[in-house]
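Novice: Residue numbers (the numbering used here), protein chains in the order written: chain G, 1 to 94; chain H, 95 to 569.
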Amino acid sequence: MITLDEIKKISKLSRIEFDDQELKEIQSEFRAILNTIDRLNELDTEGVEPTYRPPLDVEELREDIVKPSLDREKILQNAPEHEDGAFKAPTIVE
Amino acid sequence: MHKKTLKEIIGLLEKKEVSSEEAVKSCLDNIEKNKHLNALNYVNADNAIKQAREIDARRARGERVGALAGAPLIIKDNICTEGIPTTCSSKMLQNFIPVYNATVVEKLLAEDAIILGKANMDEFAMGSSNLSSYTGPVRNPYNNDYVSGGSSGGSCASVSANLAYAALGSDTGGSIRQPASFCGAVGVKPTYGTVSRHGLIALSSSFDQIGPITKNVEDAAFMTQIISGYDERDNISYRGEYPSLEIDHEFSFKDKKIGVPKEFLDLLLDQDVKAITRKQLDLLSDEGAQIIEMSMKTLEYAIPVYYVLGCAEAASNLGRFDGIKYGYRSQDFEDLIDLYFKSRTQGFGKDVKLRILVGNFALSKGNFDAYFKKAQKVQTLIKQEFDQAFEKCDLIITPTTPTPAFKINLDQEDAQSRYICDVFTAPVNIAGNAAISVPAGASSKGLPIGLQIIAPSLGEKLMFDAAYAFERIRQ
């Protein structure tokens with residue numbers, strides 16, 4: 001059973017915060033999902049290869065050729081803040 | 095006029111019996127009358143009329159026009175449209191305006207289609223009800239107290255209510271087929287890799303697939319053909335042959351082998367769905383099809399596999415939303431890390447947060463082998479089960495969903511429906527093959543019920559021929 005502390009730890013790693021009420025709700029839904037997921041253990045997968053590749057034959061790597069990129073100014077219009085052609089983030093080092 | 099099918103309106107446009115401007119305005123009027131459905135996040139009215147006039151003018155001058163020339167279509171709001179907001183029905187992307195078109199949108203525009211609007215959806219395509227949308231639920235056109243299904247709920251309600259002639263959606267665990275079934279539309283999940291996802295805002299990259307939602311099977315085949323094809327910008331794009339999907343109107347079910355997973359029929363709780371599925375299978379049997387009940391024991395594990403791999407990939411894909419490069423940024427933060435926390439906490443809805451947590455749980459040290467790798471192994475078993483089944487049959491048929499649409503205000507009974515509605519559709523995403531949902535009847539309450547026809551990988555031609563024949567037999 002997943003504990004509140006475990007959920008707090010994962011939410012911290014996920015960069016998401018919950019208040020106490022939300023945490024309790026999340027815990028109960030999390031438990032329901034884990035119960036579903038744990039059913040996978042009913043199947044014997046000894047010697048079964050995991051699926052890593054898409055089902056159809058695809059070429060994994062393309063030629064490394066430089067092509068025009070998207071327009072920088074246009075992209076920056078979607079940024080919450082930008083300055084001098086760069087994304088603006090809060091100061092990290094004074 | 096808005097009630098015509100896609101092929102019908104294209105025929106009228108070609109003969110100049112109707113102008114594209116008239117077709118667009120007819121749909122716009124109908125959108126206005128159906129605002130209560132909440133099917134659309136954005137209506138591209140002015141641009142659509144302008145574009146329609148241009149196409150009408152080109153046609154009048156006798157210039158060559160594309161195969162979809164002048165037909166207004168709706169696009170799910172997780173597919174990037176240049177200059178048109180693309181929000182994923184999330185607060186996180188309320189102000190996001192893509193600077194490029196998704197490949198599928200490029201392909202539609204190359205055929206002179208008109209983008210009429212962007213469809214409401216479950217937030218970041220996570221859900222089967224459209225209840226998790228930041229802009230509120232989509233109402234089912236057949237009964238406004240019921241859900242549209244999801245996550246492509248707006249796309250399916252739009253087609254069902256004749257707001258446009260066809261729509262695009264995306265299907266990761268059933269997100270096209272399930273709402274199509276709930277709304278009485280035709281919905282297709284093409285073979286994984288045959289329709290480019292470049293420009294689709296990623297949910298779970300191993301399963302995401304774009305597909306069409308239409309009023310009939312012929313339109314679905316036509317749209318699938320247009321959006322399919324190799325694209326170097328999607329690294330799992332299929333490089334081989336893409337067969338013609340033109341419908342064989344002479345197709346017969348005689349001697350066709352139809353597999354029916356018997357575990358699925360046992361799972362059916364809803365009497366209406368059970369009765370209609372049985373009735374339609376009998377109908378196909380009368381047409382000469384050989385119905386083979388087969389045991390496919392691993393399919394019921396598709397949902398747990400989907401939860402593990404789907405959430406893990408969603409957690410990774412949604413890691414990019416950090417309040418820095420694009421999307422929502424909280425205005426109240428102390429430092430960089432706090433900005434990440436606040437932006438993500440305020441920008442994502444509850445269902446999205448839960449899935450990110452489940453995903454990161456499955457990916458974390460100590461759980462990776464027990465959950466992630468285990469799920470990948472079960473994925474292999476599910477694929478093998480489909481491969482073995484298709485050695486014995488040509489197509490597999492199931493109901494699309496175990497119940498018809500449930501109420502927007504969930505009561506006890508409906509709460510259960512919400513969690514099992516992907517049980518028949520998710521196995522197809524796990525295995526990567528193709529499937530279509532076709533309307534098959536109505537429940538005692540008058541809600542649509544769909545039949546799912548599952549084909550092997552790249553088996554779209556047979557799938558559409560059979561679905562078309564089924565549609566015709568029903569009529």
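Glycine residues also receive a C-beta, built at the ideal position from the N, C-alpha and C atoms. Please read these numbers as outputs of a predicted model, since none were measured by experiment.
Check valine 280 of chain H in the structure and name its three-state DSSP category.
Specialist: As a working note, residue 280 of chain H is residue 186 in the second sequence. In this structure, valine 280 of chain H counts as strand in the three-state DSSP scheme.
Novice: Comparing alpha-carbon positions, which option in G:Arg31, G:Glu49 and G:Leu4 lies nearest aspartate 19 of chain G?
Specialist: The residue given as residue 19 of chain G occupies position 19 in the first sequence. Per the Cα distances, G:Leu4.
Novice: So what does DSSP say about methionine 186 of chain H, is it helix, strand or coil?
Specialist: Start at 1 with the first residue of the second sequence, and residue 186 of chain H comes out as number 92. The answer is helix: DSSP assigns methionine 186 of chain H an H, G or I state.
Novice: Below 8 Å on the Cβ atoms is my contact criterion, and I expect serine 322 of chain H with threonine 288 of chain H to pass it. Report the Cβ-Cβ distance as a whole number of Å.
Specialist: Against the second sequence, residue 322 of chain H aligns to sequence position 228. Against the second sequence, residue 288 of chain H aligns to sequence position 194. Going by Cβ atoms, the distance from serine 322 of chain H to threonine 288 of chain H rounds to 5 Å, so yes, they are a contact pair.
Novice: Which value, in whole angstroms, describes the spacing of the CA atoms of isoleucine 543 of chain H and tyrosine 562 of chain H?
Specialist: The count along the second sequence starts at 1 and reaches residue 543 of chain H at position 449. The count along the second sequence starts at 1 and reaches residue 562 of chain H at position 468. Roughly 17 Å separates the two Cα atoms.
Novice: What does DSSP give as the partner residues of glutamine 425 of chain H in its beta bridges?
Specialist: Within the second sequence, numbered from 1, the residue matching residue 425 of chain H stands at position 331. Beta-bridge pairing links glutamine 425 of chain H to no other residue.
Novice: Restricting to Cα atoms, I'd like to know which of H:Leu489, H:Ser242, H:Tyr236 and H:Val446 is closest to glutamate 17 of chain G.
Specialist: One-based indexing of the first sequence puts residue 17 of chain G at position 17. Looking at the Cα atoms, H:Val446 is the closest of the given residues.
Novice: Check whether chain H comes within 8 Å of arginine 15 of chain G, counting only Cβ atoms and requiring the distance to be less than that.
Specialist: In the first sequence, counting from the first residue as 1, residue 15 of chain G sits at position 15. Output row for arginine 15 of chain G: interface = yes.
Novice: So is valine 48 of chain G in contact with chain H if we call contact Cβ pairs under 8 Å?
Specialist: Against the first sequence, residue 48 of chain G aligns to sequence position 48. Chain H, which has a Cβ nearer than 8 Å to the Cβ of valine 48 of chain G, makes this yes.
Novice: Leaving out five residues before and five after lysine 373 of chain H in sequence, what residues of the same chain have Cβ atoms less than 8 Å from its Cβ?
Specialist: On the second sequence, position 279 is the one that residue 373 of chain H refers to. Only Gly535 meet the Cβ criterion.
Novice: Does any C-beta atom of chain G lie closer than 8 Å to the C-beta of serine 175 of chain H?
Specialist: For the purposes of this step, residue 175 of chain H is taken as the residue at position 81 of the second sequence. Residue identity check: residue 175 of chain H is threonine in the sequence provided, not serine. False, the Cβ-Cβ gap to chain G never drops below 8 Å.
Novice: I want to verify the contact list: residues of chain G whose CB lies under 8 Å from the CB of threonine 392 of chain H, in sequence order.
Specialist: Working through the second sequence from its first residue, we reach residue 392 of chain H at position 298. By Cβ distance, chain G contributes Leu43.
Novice: Could you give the DSSP three-state label for glutamate 387 of chain H: helix, strand or coil?
Specialist: Taking the first residue of the second sequence as 1, we reach residue 387 of chain H at position 293. Three-state DSSP puts glutamate 387 of chain H in a strand.
Novice: Checking the sheet assignment: what are the DSSP bridge partners for glutamate 565 of chain H?
Specialist: Here the question's residue 565 of chain H lines up with position 471 in the second sequence. In the DSSP output, where bridge partners are listed per residue, glutamate 565 of chain H has none listed.
Novice: Could you confirm whether any beta carbon from chain H is found closer than 8 Å to the beta carbon of threonine 36 of chain G?
Specialist: On the first sequence, residue 36 of chain G is found 36 positions in, with the first residue counted as 1. Yes, threonine 36 of chain G lies at the interface with chain H (some Cβ there is under 8 Å from its Cβ).
Novice: So is aspartate 71 of chain G in contact with chain H if we call contact Cβ pairs under 8 Å?
Specialist: The residue given as residue 71 of chain G occupies position 71 in the first sequence. So yes, aspartate 71 of chain G belongs to the interface.
Novice: Decide if glycine 460 of chain H is buried, meaning its Cβ has at least 16 other Cβ atoms within 10 Å, or exposed.
Specialist: Numbered from its first residue, the second sequence carries residue 460 of chain H at position 366. By the neighbour-count rule (16 or more Cβ atoms within 10 Å), glycine 460 of chain H is not buried but exposed.
Novice: Given that alanine 89 of chain G touches chain H, what residues does it touch there, using C-beta distances under 8 Å?
Specialist: Here residue 89 of chain G corresponds to residue number 89 of the first sequence, with the count starting at 1. Here the neighbours are Ile418, Leu430 and Leu433.
Novice: Determine, using beta carbons only, whether glutamate 29 of chain G comes closer than 8 Å to chain H.
Specialist: For this step, residue 29 of chain G is matched to residue 29 along the first sequence. So, interface residue.
Novice: Can leucine 339 of chain H and glutamate 554 of chain H be called in contact, C-beta distance under 8 Å?
Specialist: The residue labelled residue 339 of chain H in the question sits at position 245 within the second sequence. The residue labelled residue 554 of chain H in the question sits at position 460 within the second sequence. The answer is yes: Cβ separation under 8 Å.
Novice: Between the alpha carbons of leucine 210 of chain H and arginine 15 of chain G, how many angstroms are there, rounded?
Specialist: In the second sequence, residue 210 of chain H corresponds to position 116, counting from 1. In the first sequence, residue 15 of chain G corresponds to position 15, counting from 1. Going from the Cα of leucine 210 of chain H to the Cα of arginine 15 of chain G covers about 37 Å.
Novice: Starting from serine 226 of chain H, follow its DSSP beta bridges and name the residues at the other end.
Specialist: The residue you call residue 226 of chain H lines up with position 132 of the second sequence. Note: serine 226 of chain H sits in no beta bridge, so no partner.
Novice: Which partner residues of asparagine 214 of chain H appear in the DSSP bridge assignment?
Specialist: For this step, residue 214 of chain H is matched to residue 120 along the second sequence. DSSP lists no partner for asparagine 214 of chain H.
Novice: Identify whether glutamate 126 of chain H lies in helix, strand or coil by the three-state DSSP scheme.
Specialist: As a first step, residue 126 of chain H is located in the second sequence; it is residue number 32 there, counting from the start. Looking at glutamate 126 of chain H - three-state DSSP - the assignment turns out to be helix.
Novice: Closest Cβ-Cβ distance between leucine 4 of chain G and chain H: below 8 Å?
Specialist: Your numbering for residue 4 of chain G matches position 4 in the first sequence. Cβ-Cβ to chain H under 8 Å: no for leucine 4 of chain G.
Novice: Closest by CA to glutamine 77 of chain G, which one among H:Lys309, H:Asn172, H:Pro166 and H:Pro179?
Specialist: Along the first sequence, one-based indexing puts residue 77 of chain G at 77. Closest option to glutamine 77 of chain G, Cα to Cα, is H:Pro179.
Novice: How many angstroms separate the CA atom of glycine 268 of chain H from the CA atom of serine 113 of chain H?
Specialist: Counting from one through the second sequence, the residue named residue 268 of chain H turns up at place 174. Counting from one through the second sequence, the residue named residue 113 of chain H turns up at place 19. Taking the straight line from one Cα to the other gives about 36 Å.
Novice: Can the beta-carbon of glutamine 384 of chain H be found closer than 8 Å to that of aspartate 349 of chain H?
Specialist: As a working note, residue 384 of chain H is residue 290 in the second sequence. As a working note, residue 349 of chain H is residue 255 in the second sequence. In this structure, aspartate 349 of chain H lies closer than 8 Å to glutamine 384 of chain H by Cβ.
Novice: If we count the other Cβ atoms within 10 Å of its Cβ and call it buried at 16 or more, is alanine 154 of chain H buried or exposed?
Specialist: Position 60 of the second sequence, counting from 1, holds the residue named residue 154 of chain H. Alanine 154 of chain H comes out exposed.
Novice: Between glycine 160 of chain H and the rest of its own chain, which residues show a CB-CB distance below 7 Å, the 5 nearest in sequence each way excluded?
Specialist: In the second sequence, residue 160 of chain H corresponds to position 66, counting from 1. For glycine 160 of chain H, where only same-chain residues beyond five positions count, the Cβ hits under 7 Å are Ala204, Glu205 and Asp206.
Novice: Below 8 Å, how does it come out for the stretch 230-249 of chain H and the stretch 483-493 of chain H: are there three or more Cβ pairs, yes or no?
Specialist: The answer is no - the stretch 483-493 of chain H does not touch the stretch 230-249 of chain H, with fewer than three Cβ pairs under 8 Å.
Novice: Using the beta-carbon count (16 or more within 10 Å), is alanine 32 of chain G buried or exposed?
Specialist: As a first step, residue 32 of chain G is located in the first sequence; it is residue number 32 there, counting from the start. By the neighbour-count rule (16 or more Cβ atoms within 10 Å), alanine 32 of chain G is not buried but exposed.
Novice: So what does DSSP say about tyrosine 240 of chain H, is it helix, strand or coil?
Specialist: Along the second sequence, one-based indexing puts residue 240 of chain H at 146. In the structure shown, tyrosine 240 of chain H sits in a strand (DSSP, three-state: E or B).
Novice: Do serine 254 of chain H and alanine 219 of chain H count as a contact pair if the criterion is CB distance below 8 Å?
Specialist: Taking the second sequence and counting its residues from 1, one reaches residue 219 of chain H at position 125. Taking the second sequence and counting its residues from 1, one reaches residue 254 of chain H at position 160. No, they are not a contact pair.
Novice: With 8 Å set as the bound, which would you pick, yes or no: does the beta-carbon of glycine 526 of chain H sit closer than that to a beta-carbon of chain G?
Specialist: Walking along the second sequence from the start, residue 526 of chain H turns up at place 432. Closer than 8 Å: yes.
Novice: Hey, is proline 80 of chain G's beta-carbon within less than 8 Å of any beta-carbon in chain H?
Specialist: Numbered from 1 along the first sequence, position 80 holds the residue referred to as residue 80 of chain G. Closer than 8 Å: yes.
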